[in-house]
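A.B. asks: Here you go, one structure.
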Amino acid sequence: MIRVKLLIFFLLLLFLSLWLALFNLEVLQGAKFRELSKKNCIRLLPQQGARGNIIDRKGRIMVGNKLSYDVMILPQNNTDAEQSLNKVAGILGVNTETMAQTYRKGYFASSVPVTVARNIDIKKAIMLEELKPELPAVIIQSNPVRNYPYGKLACHVFGYLGEIDRWRLTKMADYGYKTKDMVGFGGVEEVYDYYLRQDEGGLSMEVDHRGRFKRVLGFEPPTNGVDIQLTIDLEIQKIAEEALGGHKGCVIIMEPNTGEIIAMTSNPDFNPSVFLERSGGSLSGILNNPDAPLINRAISGAYPAGSVFKLIVATAALETKKINSSTTFLCQGKLMVGRKEFLCWNTHGLQNLPMAIAHSCNVFFYRTGLLAGAQAIHDYAIRLGFSKPTGFELPNEAGGFIPSPLWYKLNKFRKWYDGDTANLSIGQGYVSVTPLQITRMMAVFANAGNVVRPYIVKAIGNKDISFSQRKSTHLNLKDTTIGYIRDGLRKVITDEGGTGNVLGGLPVAVAGKTGTAQAPPGMAHAWFVGFFPYQNPKFVMCVFLEHGGPGYYSCVVAKQIIEGMVAGGLI
Amino acid sequence: MRSRKFNIFIIALLIAALGILSIYSSTYQKTGKPWEDIYKRQALWVLLGVLIFVFVSSMNYRSFWDLTYPMYAIVLFLLFLVFLLGAVHLGAQRWLKIAWFNFQPSEFAKLAIVIFLARYFSRKSPYDITLSSRRFGILRGILLPFAFVAVPILLVMEQPDLGSAVMIFCIFMALLYLTDMRLKYMVIFLIIILLPAPLLWHILKDYQKQRLMVFLNPNIDPLGAGYTVIQSRIAIGSGGLFGKGWLGGTQSQLHFLPESHTDFIFATFTEEWGFLGSTALLLLYFLLIRQGFIIARRTQDTFGKLLAYGITLMLGLQILVNIAMNMGLAPVVGLPLPLMSYGGSSIVTTFIALGILVNIDQKRAVF
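Just so you know, the sequences run in chain order A and B. Residue numbering for the first sequence follows the numbering used here, beginning at 40 and increasing consecutively. Residue numbering for the second sequence follows the numbering used here, beginning at 298 and increasing consecutively.
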């Protein structure tokens, strides 16, 4: 019976192919289908933790969290949901129809609550919570949101929060970042986002084919982010911001021996909470402002150094033994270098180094600079930490620039003339520096020869990281060099004709240097950088006013700050 | 050597037990009671089936020779009744409501037609082993029996139950093939039947068209017509090598898989028992079919032989088509998995058929 055999063979073949198909479906593609089956029946109800606080050096919260209350409606039961919508709309004073529309738009499945109102008033939240027995479908969910108790204070240090962008997402997806995550932009929020960010917890539950809740599979409590402690002193920060007022510019106060930033403020500033509310008007106001309020001028702005640069010239000349304590030059108000006349802002007569620093005599430094040579000035500027970022933690730090004869040849295709050296000696020309670099340079004279790395984060959670943050390079400057220059810096304040004489009457002995950097077409930039107390320096301060006029104005701001610190007993 | 009757009985009972376990699991709720006690009803049906099996297997199968035409008439009558006053369920009118249960005559129609065809192609005398079809032309050999078969096919199609209709037609063709009908005739016949098939498209119900389209590509309508196939494939695939364990299936218990205790019981079973379990189940079915073929080949009496082949083919084709449909390899048609799917008509019919098979085996020696 050939036909029977054929038929049986055919059926056997069918059985075998079914078995192979089973093998393919269950073993080869099993993992894929298991994933699909989980997707079918497991839903997650996320619950947000709180982002880590940012606290100051004494533990005071500078950026924290507050609770925002959202109203959600669980659509498990239709009549309940409708009734709830009416009641909620009534209490919140919203049009029922609009709310019903929001509800319909947000509806996903009957087990997934729909958010119908966000960020409602706490009193109304309490009212709704009291009505809970009548309205079982209403859920009041509290979500922690970023809170800025001091508003704009130190906004550049903190940065702001926003929804993650595409670029960050591709870079950080491996670290558990997802779309729609809120991440830090700029400042500590960005750099330490990984620590600050909270972990989403939530409820995982099983649902049936209609999305109806069946049972709870598990609950993972959300974890809060780690607190970041800064070296900032809240009170000094406040004083600095107040003193800077509406001026464009920045103030940096740093501990000279360690590099801890005690205060850092930049103006114009912005209110970080605007980015959370995403109210279109105020946001585009910030983004379209020509003064770029988002820029942290203390670290990202590179400006001509002006007379402050004379300290570098002095260091170079003293270290290379081109001048000494008895060197004097005569200032007649101008100096001919080559065929060009270089001016001083006054006629100072016979000047030695401390006097020249005190009076900020250009002629003295033209001659000193010409003696030392452009290359030596350039080299000492590099050693003092210019022309490259300081290694500070906050993002977008500028490096600044110091020209050199070689750079001239390579980029400007001309020789370096003595006139260029004269220009360099008073910090003009192609020189550009950041306020933070200037602050650090001043710290070298305050701490006797160490270039520190400025830092702002003192501790992550409970772990003090100051030790690994502190990095300094000893420059091996001669004691006499530092001594002469310190002497000059003190004379700036104490001398009758000193450019910082206005700071003389303070109860603290201040030493410092002013600068008036020409910045056409606007007014000059006003610099003041100094340290105090003179004998045992605890603070280095830099006040920079962008197009603020002569250095005197910076001294006025500095005076206000020091007065405020004295009044607050902070020195 | 244990008797073949015992073998068949044990295999059938094993499969039915697995079926009851799966039905229990598909209605099982992790919280609360099962939503229906249908696994108990299924157990009762299996018990009834076993009793009928014992009864039928002790009855001489040749008595069906005499009962053929009355049975045929009764089946036609029942199908007409369904046509007139059947219970509508899931959009199809396949059930007769009798007392407390729903009765599906198309299940019995399959068996009755197998008996009818077996008689038609064999001689009355059990000692004449030549087949009548040798002497038949295309008219008496194909067209006349097809006329008999076509009436119930049309009635079943009208219910609509395309699966059973196609199944009956396939059994008809297979038996023609086994009666040594000349292949030339069969090919001519098939061409005549299949030529108007494109026209048949317009006769099909909308849901049947959808199912066919969905069979070709389940993703064209994932939440509508393709839903069942997709969920069934997910259920089977997610079982993996070892399965999710009895009562651990999520696809069936949370109702993602429709018809999880009837037509798609195989998916329910496989989700929980995995590749190993489903391999064992396939093996059990294969052994059952093999027993049927062994009985058929050893039987000399043409009526018994054709009857045994017919029954074995009927079961085998249903098993293959149902499992293929569960895996998305065949279009979704309303065919139960014999011995496993929930449903009294199917269980009882299958046990009757197995009883006849066993009886053929025992009586064979007598002649």
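The beta-carbon is built from N, C-alpha and C at its ideal position, and this holds for glycine as well. The model shown is predicted, which means the values in this text are computed figures rather than measured ones.
Leaving out five residues before and five after residue 159 of chain A in sequence, what residues of the same chain have Cβ atoms less than 7 Å from its Cβ?
C.D. replies: Along the first sequence, read from residue 1 onward, the residue named residue 159 of chain A stands at position 120. Excluding residues within five positions, the ones whose Cβ falls inside 7 Å are 108, 110 and 131.
A.B. asks: Verify whether the separation of the beta carbon atoms of residue 252 of chain A and residue 115 of chain A is less than 8 Å.
C.D. replies: Taking the first residue of the first sequence as position 1, residue 252 of chain A is located at position 213. Taking the first residue of the first sequence as position 1, residue 115 of chain A is located at position 76. The answer is yes: Cβ separation under 8 Å.
A.B. asks: Terminal residues of the continuous alpha helix (DSSP H) containing residue 621 of chain B?
C.D. replies: Residue mapping note: residue 621 of chain B aligns to position 324 of the second sequence, counting from 1. Per DSSP, residue 621 of chain B belongs to the alpha helix (DSSP H) from 599 to 623.
A.B. asks: Specify the secondary structure class of residue 148 of chain A as computed by DSSP and reduced to three states.
C.D. replies: To locate residue 148 of chain A, count along the first sequence from 1; it is residue 109. Shown here, residue 148 of chain A sits in coil according to DSSP, grouped into three states, outside any helix or strand.
A.B. asks: Using CA coordinates, which residue listed in B:571, B:504, B:602 and B:415 is at the minimum distance from residue 525 of chain B?
C.D. replies: Counting from 1 along the second sequence, the entry for residue 525 of chain B is found at position 228. When each option's Cα is compared against that of residue 525 of chain B, the closest is B:504.
A.B. asks: Would you identify the three-state DSSP class for residue 664 of chain A, choosing helix, strand or coil?
C.D. replies: The structure shown does not extend to residue 664 of chain A, since chain A is modelled only from 40 to 610, so the question has no answer here.
A.B. asks: In the structure shown, what three-state DSSP assignment does residue 604 of chain A receive?
C.D. replies: Walking along the first sequence from the start, residue 604 of chain A turns up at place 565. Reduced to three states, the DSSP call for residue 604 of chain A is helix.
A.B. asks: Kindly indicate which residue of B:573, B:614 and B:639 has the alpha-carbon position closest to the one of residue 561 of chain B.
C.D. replies: The residue you call residue 561 of chain B lines up with position 264 of the second sequence. Minimum Cα distance to residue 561 of chain B is reached at B:639.
A.B. asks: Along the segment 531 to 542 of chain B, what residues have a CB closer than 9 Å to any CB found in chain A?
C.D. replies: Taking 9 Å as the Cβ-Cβ cut-off against chain A, the residues of the segment 531 to 542 of chain B that qualify are 531, 532, 533, 534, 535, 536, 537, 538, 540 and 541.
A.B. asks: With a threshold of 7 Å on Cβ separation, who are the neighbours of residue 93 of chain A within its own chain once the five nearest residues in sequence on each side are excluded?
C.D. replies: Position 54 of the first sequence, counted from the first residue, corresponds to residue 93 of chain A. If you ignore the 5 residues before and after residue 93 of chain A, its C-beta comes within less than 7 Å of the C-beta of 101, 102, 197, 227, 267 and 269, all in its own chain and listed in chain order.
A.B. asks: Can you pull the chain A residues whose beta carbon is under 9 Å from the beta carbon of residue 553 of chain B, in chain order?
C.D. replies: On the second sequence, position 256 is the one that residue 553 of chain B refers to. Within 9 Å Cβ-Cβ: 76, 79, 80, 247 and 248.
A.B. asks: Considering just the uninterrupted stretch of the beta strand (DSSP E) at residue 377 of chain B, what are its terminal residues?
C.D. replies: Working through the second sequence from its first residue, we reach residue 377 of chain B at position 80. From DSSP, residue 377 of chain B is part of no beta strand (DSSP E) but of the alpha helix (DSSP H) over 360 to 382.
A.B. asks: Would you call the segment 449 to 458 of chain A in contact with the segment 473 to 490 of chain A, where contact means no fewer than 3 C-beta pairs closer than 8 Å?
C.D. replies: Taking 8 Å as the limit for Cβ pairs, the verdict is that the segment 473 to 490 of chain A does not touch the segment 449 to 458 of chain A.
A.B. asks: Using the beta-carbon of each residue, which ones in chain A are nearer than 8 Å to residue 576 of chain B?
C.D. replies: One-based indexing of the second sequence puts residue 576 of chain B at position 279. Per Cβ cutoff of 8 Å: 58 and 61.
A.B. asks: When the Cβ atoms of the segment 566 to 573 of chain B are set against those of the segment 333 to 352 of chain B, are three or more pairs found closer than 8 Å?
C.D. replies: At 8 Å Cβ cutoff, the stretches do not touch.
A.B. asks: Would you kindly check if the distance between the Cβ of residue 569 of chain B and the Cβ of residue 542 of chain B is under 8 Å?
C.D. replies: For the purposes of this step, residue 542 of chain B is taken as residue 245 along the second sequence, with counting starting at 1. For the purposes of this step, residue 569 of chain B is taken as residue 272 along the second sequence, with counting starting at 1. Contact flag set, yes.
A.B. asks: Quick one: what does DSSP say residue 530 of chain B is sitting in, helix, strand or coil?
C.D. replies: In the second sequence, counting from the first residue as 1, residue 530 of chain B sits at position 233. Of the three classes helix, strand and coil, the one that applies to residue 530 of chain B here is helix, per DSSP.
A.B. asks: With distances taken between CB atoms, is the gap from residue 542 of chain A to residue 594 of chain A smaller than 8 Å?
C.D. replies: Reading the first sequence from its first residue, position 503 is the one you call residue 542 of chain A. Reading the first sequence from its first residue, position 555 is the one you call residue 594 of chain A. Result yes, Cβ atoms of residue 542 of chain A and residue 594 of chain A sit closer than 8 Å.
A.B. asks: Taking residue 304 of chain B as part of the alpha helix (DSSP H), name the residues at either end of that continuous run.
C.D. replies: One-based indexing of the second sequence puts residue 304 of chain B at position 7. 301 to 324 is the span of the alpha helix (DSSP H), which, as asked, contains residue 304 of chain B.
A.B. asks: With 8 Å as the threshold, decide whether the Cβ of residue 658 of chain B is near any Cβ in chain A.
C.D. replies: Taking the first residue of the second sequence as 1, we reach residue 658 of chain B at position 361. Taking Cβ atoms only, chain A never reaches closer than 8 Å to residue 658 of chain B, which makes this a no.
A.B. asks: Note down, in chain order, each residue of its chain lying with its Cβ closer than 6 Å to the Cβ of residue 335 of chain A, except the 5 sequence neighbours on either side.
C.D. replies: Here residue 335 of chain A is taken as the residue at index 296 of the first sequence, counted from 1. So the list reads 195 and 305, once near-sequence residues are dropped.
A.B. asks: What's the gap between the Cα of residue 177 of chain A and the Cα of residue 141 of chain A?
C.D. replies: On the first sequence, residue 177 of chain A is found 138 positions in, with the first residue counted as 1. On the first sequence, residue 141 of chain A is found 102 positions in, with the first residue counted as 1. Straight-line Cα distance between these residues: approximately 15 Å.
A.B. asks: Where residue 169 of chain A and residue 135 of chain A are concerned, what is the direct C-alpha to C-alpha distance, given to the nearest angstrom?
C.D. replies: Taking the first residue of the first sequence as position 1, residue 169 of chain A is located at position 130. Taking the first residue of the first sequence as position 1, residue 135 of chain A is located at position 96. C-alpha separation (whole angstroms): 20 Å.
A.B. asks: Inspect the beta-carbon positions of residue 420 of chain A and residue 392 of chain A and report whether they are closer than 8 Å.
C.D. replies: By one-based count along the first sequence, residue 420 of chain A stands at place 381. By one-based count along the first sequence, residue 392 of chain A stands at place 353. The answer is no: Cβ separation not under 8 Å.
A.B. asks: Give every residue of the same chain whose Cβ lies closer than 7 Å to the Cβ of residue 416 of chain B, excluding the five residues on either side of it in the sequence, and list them in chain order.
C.D. replies: Within the second sequence, numbered from 1, the residue matching residue 416 of chain B stands at position 119. Counting only Cβ-Cβ distances below 7 Å, and skipping sequence neighbours, we find 362, 365 and 600.
A.B. asks: Which of the three DSSP states, helix, strand or coil, is assigned to residue 501 of chain A?
C.D. replies: Counting from 1 along the first sequence, the entry for residue 501 of chain A is found at position 462. Looking at residue 501 of chain A - three-state DSSP - the assignment turns out to be coil, as it is neither helix nor strand.
A.B. asks: Given a threshold of 16 other Cβ atoms within 10 Å of its Cβ, counted over all protein chains shown, does residue 498 of chain B qualify as buried or as exposed?
C.D. replies: By one-based count along the second sequence, residue 498 of chain B stands at place 201. The residue in question, residue 498 of chain B, is exposed, as its Cβ has fewer than 16 Cβ neighbours within 10 Å.
A.B. asks: Residue 573 of chain A and residue 549 of chain A look like a contact to me (Cβ under 8 Å); what is the Cβ gap, rounded to whole Å?
C.D. replies: Sequence index remark: in the first sequence, residue 573 of chain A carries index 534 (1-based). Sequence index remark: in the first sequence, residue 549 of chain A carries index 510 (1-based). Confirmed, Cβ separation roughly 7 Å.
A.B. asks: Residue 242 of chain A CB to nearest chain B CB: under 8 Å?
C.D. replies: In the first sequence, the residue the question calls residue 242 of chain A occupies position 203. Taking Cβ atoms only, chain B never reaches closer than 8 Å to residue 242 of chain A, which makes this a no.
A.B. asks: Could you list which residues in chain B have their beta carbon closer than 8 Å to that of residue 73 of chain A, in chain order?
C.D. replies: The residue you call residue 73 of chain A lines up with position 34 of the first sequence. Neighbours of residue 73 of chain A on chain B, chain order: 534, 535 and 537.
A.B. asks: I want to verify the contact list: residues of chain A whose CB lies under 9 Å from the CB of residue 547 of chain B, in sequence order.
C.D. replies: Residue 547 of chain B sits at position 250 when you count from the first residue of the second sequence. Under the 9 Å cutoff, chain A gives 76, 77, 79, 80, 81 and 245.
A.B. asks: Could you check what DSSP says for residue 476 of chain B in three-state terms: helix, strand or coil?
C.D. replies: Start at 1 with the first residue of the second sequence, and residue 476 of chain B comes out as number 179. In the structure shown, residue 476 of chain B sits in coil (DSSP, three-state: anything other than H, G, I, E or B).
A.B. asks: By Cβ distance below 6 Å, which residues in the same chain neighbour residue 643 of chain B in space, the five residues on each side in sequence not counted?
C.D. replies: The residue labelled residue 643 of chain B in the question sits at position 346 within the second sequence. The answer, listed in chain order, is 404 and 633.
A.B. asks: So is residue 329 of chain A buried or exposed if we call it buried at 16+ other beta carbons inside 10 Å?
C.D. replies: For the purposes of this step, residue 329 of chain A is taken as the residue at position 290 of the first sequence. By the 10 Å Cβ count, residue 329 of chain A comes out exposed.
A.B. asks: From residue 440 of chain B to residue 420 of chain B, what does the alpha carbon distance come to, in whole angstroms?
C.D. replies: Residue numbering aside, residue 440 of chain B sits at position 143 when the second sequence is read from its first letter. Residue numbering aside, residue 420 of chain B sits at position 123 when the second sequence is read from its first letter. Roughly 19 Å between the two C-alpha positions.
A.B. asks: Would you report the Cα separation of residue 281 of chain A and residue 274 of chain A, rounded to the nearest angstrom?
C.D. replies: Your numbering for residue 281 of chain A matches position 242 in the first sequence. Your numbering for residue 274 of chain A matches position 235 in the first sequence. Using only the alpha carbons, I get a separation of about 11 Å.
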